[in-house]
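Protein chains in written order, with the numbering used here: chain A, 11 to 183; chain B, 121 to 210. Even for Gly, the Cβ is constructed at its ideal location relative to N, Cα and C. For clarity, every value in this text was computed on a predicted model and none was experimentally measured. Quick notes on the structure that follows.
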């Protein structure tokens, strides 16, 4: 296109050039915007993918946790864990304080074996072995499970008391 | 020092209010302060009609003296020979 004819500007050619310039600019802008959109899209995809990967990781960890939890469970214990209580159990065992380490290990193994059968609704916290009595602290869904554990293990359970609260020197305030 | 489990028969213990339990704890700590570092209160499990207390003390006599001065029953005091838990199974 010739804008100049002699020394004069051709108004038609000028208008045409202006239109083309505007169009070209518009197209450049549009390309730029398109590019931005593409960039944004790929970034989003990348972020999304990362999120999915990490989410996938958590999901598989969750699934693995569920699977391992399910492995040790028996039908009686598949109910959701809720309402656990702490219990103190008095077991009158003559001469307990004099038991050998091997004997205590044997008792502990027997206890743990029964606990495995009963599932996660009952847990053994610890036991204080005294001369003629063992005081056991358990966490269980109910007293019945504590009785069942004692029955299956062949342990006495002379008194089972639900712990209402635990106090210590900090309770004095 | 030895560890002791003390049975205290207290009917209705499980229903005591937080204020009442705080009062008992303050009384206990006051007596312990008098008796010195040879006796320490570890913790107590409050059940409906009995409180099971775990103490560390040089001897049973100090546990009795603490109960006497504090006005707490001490129906049975047993020295802990060992403590076992699931790790004892090996």
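Within 7 Å (strictly less), CB to CB, does residue i reach chain A?
| i | result |
| --- | --- |
| residue 178 of chain B | no |
| residue 189 of chain B | no |
| residue 172 of chain B | yes |
| residue 131 of chain B | no |
| residue 165 of chain B | yes |
| residue 155 of chain B | no |
| residue 141 of chain B | yes |
| residue 146 of chain B | yes |
| residue 161 of chain B | yes |
| residue 194 of chain B | no |
| residue 137 of chain B | no |
| residue 201 of chain B | yes |
Between the options, which lies nearest to residue i when the distance is taken from Cα to Cα?
| i | options | result |
| --- | --- | --- |
| residue 176 of chain B | B/201, B/131 and B/169 | B/201 |
| residue 99 of chain A | B/127, B/195, B/178 and B/140 | B/127 |
| residue 207 of chain B | A/158, A/133, A/105 and A/129 | A/133 |
| residue 135 of chain B | B/158, B/129 and B/168 | B/168 |
| residue 176 of chain A | B/131, B/161 and B/122 | B/161 |
| residue 166 of chain B | B/186, B/159, B/138 and B/185 | B/138 |
| residue 144 of chain B | B/173, B/204 and B/158 | B/173 |
| residue 139 of chain A | A/168, A/109, A/173 and A/165 | A/109 |
| residue 171 of chain B | B/123, B/205, B/209 and B/192 | B/192 |
| residue 103 of chain A | A/178, A/93 and A/165 | A/165 |
By DSSP, does residue i sit in helix, in strand, or in coil?
| i | result |
| --- | --- |
| residue 130 of chain B | coil |
| residue 151 of chain B | helix |
| residue 115 of chain A | helix |
| residue 137 of chain A | strand |
| residue 131 of chain A | coil |
| residue 178 of chain B | coil |
| residue 124 of chain A | helix |
| residue 183 of chain B | helix |
| residue 158 of chain B | coil |
| residue 144 of chain B | helix |
| residue 196 of chain B | strand |
| residue 201 of chain B | coil |
Rounded to whole angstroms, how far is the Cβ of residue i from the Cβ of residue j, which I believe are closer than 8 Å?
| i | j | result |
| --- | --- | --- |
| residue 95 of chain A | residue 160 of chain A | Going by Cβ atoms, the distance from residue 95 of chain A to residue 160 of chain A rounds to 16 Å, so no, they are not a contact pair. |
| residue 147 of chain B | residue 190 of chain B | 5 Å |
| residue 129 of chain B | residue 195 of chain B | 5 Å |
| residue 162 of chain A | residue 124 of chain A | 5 Å |
| residue 97 of chain A | residue 148 of chain A | 5 Å |
| residue 234 of chain B | residue 197 of chain B | Residue coverage of chain B in this structure runs from 121 to 210, which leaves residue 234 of chain B outside it and unanswerable. |
Within 7 Å of any Cβ in chain B, is that where the Cβ of residue i sits?
| i | result |
| --- | --- |
| residue 126 of chain A | no |
| residue 136 of chain A | yes |
| residue 107 of chain A | yes |
| residue 189 of chain A | Any question about residue 189 of chain A goes unanswered here, given that chain A covers just 11 to 183. |
| residue 114 of chain A | yes |
| residue 110 of chain A | no |
| residue 79 of chain A | For residue 79 of chain A, the predicted model reports a pLDDT of 40, less than 50, meaning its position is unreliable and no value from the coordinates is stated. |
| residue 145 of chain A | yes |
| residue 178 of chain A | yes |
Does any heavy atom of the ligand FAD sit closer than 6 Å to the C-beta of residue i?
| i | result |
| --- | --- |
| residue 155 of chain A | With respect to the ligand FAD, the structure shown offers nothing to examine, as it has no ligands at all. |
- Task: Could you tell me which uninterrupted beta strand (DSSP E) segments, each at least 3 residues in length, are contained entirely in the stretch 136 to 179 of chain A, listed from first to last along the chain?
- Result: 143 to 150 and 169 to 177
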